[in-house]
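Undergrad: Handing you a structure now.
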Amino acid sequence: MEQKQPRIITVATMNIRHDADRWPERRPLLSQGLRRLAPDVIALQEVALGIDQAALLQSDLNGEMDAAPYAAFVEPKTGAAPTEGIGCLTRLPVARSTRLELPGGWRIAQALDFRQDGVSFCVVNTHLHHEPADSEEIRAKQSAAIMEYLEAEAARDPDKHWILAGDFNATPETETVQRVLTRLVSAYPIIHGAEPKYTYPTPLAAEDYADPTSYHCIDYLFVSPSIHVHDIQMIFDEPGPDDPALFPSDHFGLLATISFPDAS
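If you're matching positions, the sequence shown starts at -17 in this note's numbering and goes up one per residue.
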């Protein structure tokens, strides 16, 4: 009997710095890079609502690709008049999209459910609060709320696999991240032995880039232990061709290649 090949997908996460800091110049760097990488699912944070930023990137990608087109799923932050949110672009059919409102800081998460080749999996995208910088009081509660949702869903569907991606504004040793690690594993150390030295800042954030104390690993891609991580790399870690300070964002991104066990 011919052995069935595992279903392999690619998932990216990227804080795109909304429409600040030279967005018109950054846009082609992001679009060209995403077109080249062609992730199946792209988790975006700091998505500007006023310019419909997710739709702009969606249009850039779909206009130049022969593969299945990307659909966009955007969730605004909470509050009276949010100017940004989070969003996912995906070429895979989405079975369900769920919005999670997190405690404090007007923050949210979004959960996209997929079913491919008999395998159920969910990609959760989030951007946790950046304040207070010296306390995990708010972020830890937000992280716990996401994990409580995941655990409740897992109780209903134990066979579902999970990917949690985003900007956590928290370093690996914090309560915020450690709560996630009670159930999921961070993909980057599986391949590289440790988290990246830093995912923020890039030279685009000139003031923080000049301050060595501002360098932190705060962006992650977590997966269920059942998921096989084939590869994960930093992305958007090079400047534009003509300006060493022009990066696609003030964060680096991550791109993982993963597969799932066969459906039983």
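In this text, a Cβ means the ideal position worked out from N, Cα and C, and glycines have one as well.
In its own chain, which residues sit with a C-beta less than 7 angstroms from the C-beta of GLN(-15), not counting the 5 before and 5 after it?
TA: For GLN(-15), the pLDDT reaches just 49, beneath the cut-off of 50, and the residue's location in the model is therefore unreliable, leaving the point undetermined.
Undergrad: Touch check for the segment 103 to 121 and the segment 211 to 221: three-plus C-beta pairs under 8 angstroms?
TA: Contact between the segment 103 to 121 and the segment 211 to 221 is absent, because fewer than three Cβ pairs lie under 8 angstroms.
Undergrad: Taking the C-alpha atoms as reference points, what is the distance between HIS111 and LYS59?
TA: Whole-angstrom Cα-Cα distance: 11 angstroms.
Undergrad: If you measure between the beta carbons of LEU236 and LEU203, is that distance less than 7 angstroms?
TA: Yes. Within cutoff.
Undergrad: To test your reading of the DSSP string, which unbroken alpha helix (DSSP H) runs of 4 or more residues are found completely within the segment 30 to 60?
TA: Counting only runs of 4 or more, we get 35 to 44.
Undergrad: Specify, as a first and last residue, the run of the beta strand (DSSP E) that GLU83 falls within.
TA: Taken as a continuous stretch (DSSP letters only), the beta strand (DSSP E) holding GLU83 covers 78 to 83.
Undergrad: I want to know whether the segment 59 to 69 touches the segment 136 to 147 - three or more CB-CB distances under 8 angstroms.
TA: No contact exists between the segment 59 to 69 and the segment 136 to 147.
Undergrad: Name the one or two DSSP bridge partners that ALA160 has.
TA: Checking the sequence, you will find Gln at residue 160 rather than Ala. GLN160 is not bridged to any residue.
Undergrad: Spatial neighbours of ARG78 within its chain, please: C-beta separation below 7 angstroms, excluding the five flanking residues on both sides.
TA: Cβ neighbours of ARG78 beyond the five flanking positions: ASP95.
Undergrad: What would DSSP say about MET(-17), mapped onto helix, strand or coil?
TA: Bear in mind that a pLDDT of 39 at MET(-17), under 50, signals an unreliable position, so the number given afterwards is only what the model happens to contain. It is coil, neither helix nor strand.
Undergrad: Can you tell me whether DSSP reads GLU135 as helix, strand or coil?
TA: Correct three-state label for GLU135: helix.
Undergrad: Could you check where the beta strand (DSSP E) with ARG97 kicks off and where it finishes?
TA: Where ARG97 is concerned, the enclosing beta strand (DSSP E) stretches over 90 to 98.
Undergrad: Using C-beta distances below 6 angstroms, list every residue in its chain close to ASP190, excluding the 5 sequence neighbours before and after it, in chain order.
TA: Closer than 6 angstroms at Cβ, skipping near neighbours: PRO183 and SER196.
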